[in-house]
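Just so it is clear: in the sequence shown, position 27 is 26 by numbering that gives the first Met the number 0, and no numbers are missing.
Ideal placement from N, C-alpha and C gives every residue a C-beta, glycine not left out.
Just so we're clear, the structure is a prediction, and the values are computed from it rather than from any experiment.
Worksheet: the structure to be examined is printed underneath.
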Amino acid sequence: MAGAVMGDAIEIVEAAYDLTGDTRAWLARLLECAGPRLERGLGTGIALFDSQSACIDPATVAIRGLDPALVADMHVLEDRERDSLRTIAGRPMQLTTVTQAMGLTVREACSFAPMDALRPHGVHDVLGAFAMNPTRWWVQIIAPMPDTTRPTRSECATWAKLLAHVAAGARMRDVLAAGPPAIEDGEAILSPSGAVEHAEPVAQSAGARESLRCAAKAIDRARSKARADDDEALDLWQGLVSGRWSLVDRFDSDGRRFLVARRNDPELTDPRGLSLRERQVLAYAAMGHSLKMIAYTLGLSGSTVSLLRKRGMRKLGVSTHAELLALFAPAP
Numbered sequence: 000m001a002g003a004v005m006g007d008a009i010e011i012v013e014a015a016y017d018l019t020g021d022t023r024a025w026l027a028r029l030l031e032c033a034g035p036r037l038e039r040g041l042g043t044g045i046a047l048f049d050s051q052s053a054c055i056d057p058a059t060v061a062i063r064g065l066d067p068a069l070v071a072d073m074h075v076l077e078d079r080e081r082d083s084l085r086t087i088a089g090r091p092m093q094l095t096t097v098t099q100a101m102g103l104t105v106r107e108a109c110s111f112a113p114m115d116a117l118r119p120h121g122v123h124d125v126l127g128a129f130a131m132n133p134t135r136w137w138v139q140i141i142a143p144m145p146d147t148t149r150p151t152r153s154e155c156a157t158w159a160k161l162l163a164h165v166a167a168g169a170r171m172r173d174v175l176a177a178g179p180p181a182i183e184d185g186e187a188i189l190s191p192s193g194a195v196e197h198a199e200p201v202a203q204s205a206g207a208r209e210s211l212r213c214a215a216k217a218i219d220r221a222r223s224k225a226r227a228d229d230d231e232a233l234d235l236w237q238g239l240v241s242g243r244w245s246l247v248d249r250f251d252s253d254g255r256r257f258l259v260a261r262r263n264d265p266e267l268t269d270p271r272g273l274s275l276r277e278r279q280v281l282a283y284a285a286m287g288h289s290l291k292m293i294a295y296t297l298g299l300s301g302s303t304v305s306l307l308r309k310r311g312m313r314k315l316g317v318s319t320h321a322e323l324l325a326l327f328a329p330a331p
C-alpha cells in the first residue's frame, strides 16, 4: 500500500505474542505490523491455512488494501488450483512466491497459465509468508505482486525468524482455545531484568532459572538497545527458551510489566519410539527448516539439534529429506 509505514521486526514479534482478542483480531494486528514489509503496491492479506486440505479458513481472513474484485478472483483461483496448492504445502517454504514454490524459473513464471486470471488486476505472481507448525494449521500472509521478482536471501533469512515467532504465537492461541488456565498462568514469572519472581517445580533447577534469566535479559535488549537493528534484535529473541518456553508479557494492577514463561513447544507424539525432542526436530526438518533455523525455532543449541536429527533418523532408518517428508507430511 502506497505510503505504508514499515515497523521494526520486534513490533511483529510482539504482535505474535499478543494473546488478547479472537483469532481474526490477532491476525489483523499481525497484518497491520507485518503487511508493510511484504507490500508490493497491491495490498496484503492474512489467514489461517490448513496444511492438510491446502485451504484457508475463511472465518480468519483479514485484508489490507486489497481490491475486493481481486480477492474474489484469488478465491476462484484457489479453488481451481487446489491440487497444486496441496503440492506446494508439502514443500519447504517460508517466504516465497507461488511460482517459486512450484519450482518455476522467473521466465516460466511470466507465462504461468493459472496466473492469467489475476493478470487483469496487474498481478503477475503472489508473495507468501508461511508460519509453519508441525501440526495442521499455519499462518499465511500474502502480497500480490505486479512483477515476478523473488525475495532476496537476506529477506528470506529475516522472515524465517519472524515466522518462527508467529508460529509460536499460533501454538499458544491453539492451547488457549482449548480452555486451559488464564493467559497469565505459566511455569515461571520474571522481571524484565531477568529476576525469577516465581517458578513452578519444572523451572526451579539452576539450569532452567539461568536459561530463563538470560532469555529475559536478551528480550529486554532486543526491545531496547538492539531494536534499531532487525538482525541483531531477532538473534537475541529466540523462538523458544530451552526448547520449552515462550516468554509473554503480563502487566499487574500497578502497570508493572513481567514476563511469563509459558510452555509452548510443539506437542507431538510418535509411536515409533522417537523422543519428543527428536520428533520435533525431524518434523521441522521435514518442512525444510535448516539445522540453524530449527535451533532458533526451538531455542536449542545447534549441536543439540544436529545430534537429535541424527539419532532420530537412525531410529527411523531414513537418510534423505524425501524419506522424512513421506513420514511427516500431513495426512490429506
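Residue j beta carbon less than 9 angstroms from that of residue i
i	j	result
residue 308	residue 277	yes
residue 16	residue 160	no
residue 320	residue 284	yes
residue 226	residue 55	no
residue 18	residue 238	no
residue 175	residue 127	no
residue 41	residue 143	yes
residue 65	residue 47	no
residue 12	residue 158	no
With 16 other Cβ atoms within 10 Å as the buried cut-off, status of residue i
i	result
residue 38	buried
residue 326	exposed
residue 74	exposed
residue 123	buried
residue 152	exposed
residue 1	Only weak support exists for where residue 1 lies, its pLDDT of 41 falling under 50; the coordinates are left without a value.
residue 250	exposed
residue 185	buried
residue 170	buried
residue 201	exposed
residue 53	buried
residue 181	Reliability fails at residue 181, whose pLDDT of 48 lies under 50, so the model's placement of it is uncertain and no value is given.
residue 311	buried
Where residue i sits in the DSSP three-state scheme
i	result
residue 288	coil
residue 333	Look at the range of the chain in this structure, 0 to 331, and you will see that residue 333 is not part of it.
residue 123	coil
residue 200	helix
residue 214	helix
residue 32	helix
residue 227	coil
residue 265	coil
residue 242	coil
CB-CB length for residue i against residue j, believed under 8 angstroms
i	j	result
residue 132	residue 166	5 angstroms
residue 61	residue 30	5 angstroms
residue 23	residue 14	Incorrect: roughly 14 angstroms between the Cβ atoms, too far for contact.
residue 193	residue 224	About 15 angstroms separates the two Cβ atoms, so there is no contact after all.
> When the Cβ atoms of the region 106-121 are set against those of the region 135-154, are three or more pairs found closer than 8 angstroms?
Replying inline: Taking 8 angstroms as the limit for Cβ pairs, the verdict is that the region 135-154 does touch the region 106-121.
> Is the region 248-262 touching the region 221-231 in the sense that three or more CB pairs, one from each, lie closer than 8 angstroms?
Replying inline: Contact between the region 221-231 and the region 248-262 is absent, with fewer than three C-beta pairs closer than 8 angstroms.
>> For the pair the region 261-268 and the region 57-70, tell me if three or more CB-CB distances fall below 8 angstroms.
In response: Touching, no, given that fewer than three Cβ pairs across the two stretches are closer than 8 angstroms.
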